[in-house]
Amino acid sequence: MQEIQGGVTAAKGFFAAAQEARIKYTNRKDMAMVYSSVPCRAAGTFTSNVVKAACVLWDKRIVEESDYCQAVVVNSGIANACTGALGMDYCRQTAEAMGKALQIPEDACLVASTGVIGMQLPIDRIKAGVQALSGQLSETKEAGTEAARAIMTTDTHHKEAAVTFRVGGKEVTLGGMCKGSGMIHPNMCTMLAFITTDISISRELLWEAVRESVKDTFNMVSVDGDTSTNDTFLVLANGLAENAEIIEKNEDYQAFVEALLYVSTRLAKMMAGDGEGATALVETHVYHAASREEARRLAKSVICSSLTKAAIFGHDANWGRILCALGYAGVEFDPQKIELFFAAGDKKIQIFKEGTGTDYSEKEASEILAEPEVQILVDMKMGDHEAKAWGCDLTYEYVKINADYRS
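Heads up, the sequence shown is in this note's numbering, so the first residue is 1 and it goes up one at a time.
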């Protein structure tokens, strides 16, 4: 597997475009389209929030019931959540406009929205945007990058990644883009993410790979503890790599899973590091846990702790907050046995051992916590399982951004 430049247009047969539609923002592109030249197998996961945006309900039905998918349109600025029957009708109208513009069936069209909850979409601008986007589609790397920029809200930079790998003697490409900066607390995955690939794979195995991949990637991210109404993760596979279709869990399937995990992890970490107001990407790595599920719960508990996040922002090695977060994760363990470390780059310091703090240097610990990427390492000394979770520090700027988000 080799990482390459690009995103949703990296794989064969995928096109993208971005357009200023003035949904909420002005003087910036705020609408994107991703299109495959041929029908795709599709799979997706969506928010577990009971309050689901209209676009989530639309996409869930399409990927579960339609024979294939071929295009996605995304707008930023307005979420189309809590918008009633009219919001659902706007999804239908958008898909209808896509179908006409691209000459594909309405039920092959997916829609996604992100932004303010409770506002109705300006549907005339959406439909005009669809028409404009359909005439600008390009398979260049730059087109994919522009699409990634167009779906941003409070993100400070666009997020995309891509890889190539070999399957049955054929070169396969998998690339994706995502957005996410605030209202990030996956219980599925909290963000919009779109991955495209030219692999040929059965519908059943594509679904299984997608469901499994989110457990260790997007589901392991938390910025602020709020699970969004609009979480959408979609994977489209158009088969243009011309590999023999993957219909069983063999080496080819494992190669695909590894590529999907790699790109999803890269995107997940980009989101965590770009959390609203963040100054640091924080990774919690729990290892030697009794089970994979317990490792996940422990890592996620630490990364979700507001007190731990605030301590990292203040470069304060307050390890008691980490112990506290581990203790309420719902996992039984012996605090006398675990060990804690802080790390950044080639620096590493032990801060807890045998039930108490070590004689570490507060200055050295503070310097590690001042780095842009910080690791919290937790050795449970209970088994052979591990998991990683990603988040960011909690800053004054987060409150400022979210105190006037609608203005």
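Note that the Cβ used here is the ideal one computed from N, Cα and C, for glycine as well.
DSSP state of residue i mapped onto helix, strand, coil
{"i": "ASN187", "result": "Residue placement at ASN187 is poorly supported in this model, since its pLDDT is 49, which falls under 50; the coordinates are not used for a value here."}
{"i": "ASP404", "result": "coil"}
{"i": "THR153", "result": "coil"}
{"i": "ILE199", "result": "coil"}
{"i": "ILE123", "result": "helix"}
{"i": "ALA143", "result": "helix"}
{"i": "ALA289", "result": "strand"}
{"i": "ILE368", "result": "helix"}
{"i": "VAL8", "result": "coil"}
{"i": "LEU281", "result": "strand"}
{"i": "ALA118", "result": "Residue identity differs from the one stated: residue 118 is Gly in this sequence, not Ala. If DSSP states are grouped into helix, strand and coil, GLY118 belongs with coil."}
{"i": "SER222", "result": "coil"}
{"i": "SER138", "result": "strand"}
{"i": "SER160", "result": "Rather than Ser, the amino acid found at residue 160 in this sequence is Glu. In the structure shown, GLU160 sits in a strand (DSSP, three-state: E or B)."}
{"i": "ALA132", "result": "helix"}
{"i": "ALA344", "result": "strand"}
{"i": "ALA241", "result": "coil"}
{"i": "GLU294", "result": "helix"}
{"i": "GLU397", "result": "helix"}
{"i": "MET1", "result": "coil"}
Integer Cβ distance of residue i from residue j, believed to fall under 8 Å
{"i": "ASP346", "j": "HIS157", "result": "With a Cβ gap of about 26 Å, ASP346 and HIS157 do not count as contacting."}
{"i": "ARG149", "j": "LYS337", "result": "The pair is not a contact, with the Cβ atoms about 48 Å apart (cut-off 8 Å)."}
{"i": "MET119", "j": "ILE78", "result": "5 Å"}
{"i": "GLU139", "j": "PHE15", "result": "5 Å"}
{"i": "ILE23", "j": "LEU121", "result": "7 Å"}
{"i": "GLY6", "j": "GLY135", "result": "About 22 Å separates the two Cβ atoms, so there is no contact after all."}
{"i": "GLU386", "j": "HIS285", "result": "7 Å"}
{"i": "ARG296", "j": "MET220", "result": "7 Å"}
{"i": "VAL74", "j": "ALA97", "result": "Contact doesn't hold; Cβ gap of about 14 Å is too wide."}
{"i": "VAL235", "j": "GLY44", "result": "7 Å"}
Residue range of the unbroken alpha helix (DSSP H) whose run includes residue i
{"i": "LEU205", "result": "203-216"}
{"i": "GLY273", "result": "251-273"}
Delimiting residues of the beta strand (DSSP E) encompassing residue i
{"i": "GLN350", "result": "347-353"}
{"i": "MET177", "result": "170-179"}
{"i": "GLY391", "result": "385-392"}
{"i": "ASP379", "result": "373-379"}
{"i": "LEU236", "result": "232-237"}
Any non-hydrogen atom of the ligand MG within 7 Å of residue i CB
{"i": "THR173", "result": "Questions concerning the ligand MG fall outside what the structure shown contains, since it holds no ligand whatsoever."}
Query - the stretch 252-267 contacting the stretch 78-97, beta-carbon criterion three pairs below 8 Å - result: Between the stretch 252-267 and the stretch 78-97, the count of Cβ pairs shorter than 8 Å is below three; the stretches do not touch.
Requested in this report: Scan the stretch 20-106 and note each continuous alpha helix (DSSP H) run of 4 residues or more that stays entirely inside, going in chain order.
Outcome: If you keep only unbroken alpha helix (DSSP H) runs of at least 4 residues inside the stretch 20-106, you get 54-65, 84-102.
Query - Ranges of the alpha helix (DSSP H) found wholly within the stretch 300-340, counting only runs of at least 4 - result: 306-313, 319-327
Query - Stretch pair the stretch 241-261 + the stretch 192-204: three plus CB contacts closer than 8 Å - result: yes
Requested in this report: Kindly confirm or deny that the stretch 160-167 and the stretch 102-118 touch, where touching means at least three C-beta pairs closer than 8 Å.
Outcome: no
**Report entry** Touch test, the stretch 380-390 against the stretch 354-368, Cβ-Cβ under 8 Å, three pairs minimum
**Finding:** no
Query raised in the report: Okay, do the stretch 31-44 and the stretch 64-77 touch, 3+ Cβ pairs below 8 Å being the bar?
Result: yes
Query raised in the report: Counting pairs of beta carbons, one from the stretch 298-309 and one from the stretch 322-329, are three or more of them closer than 8 Å?
Result: yes
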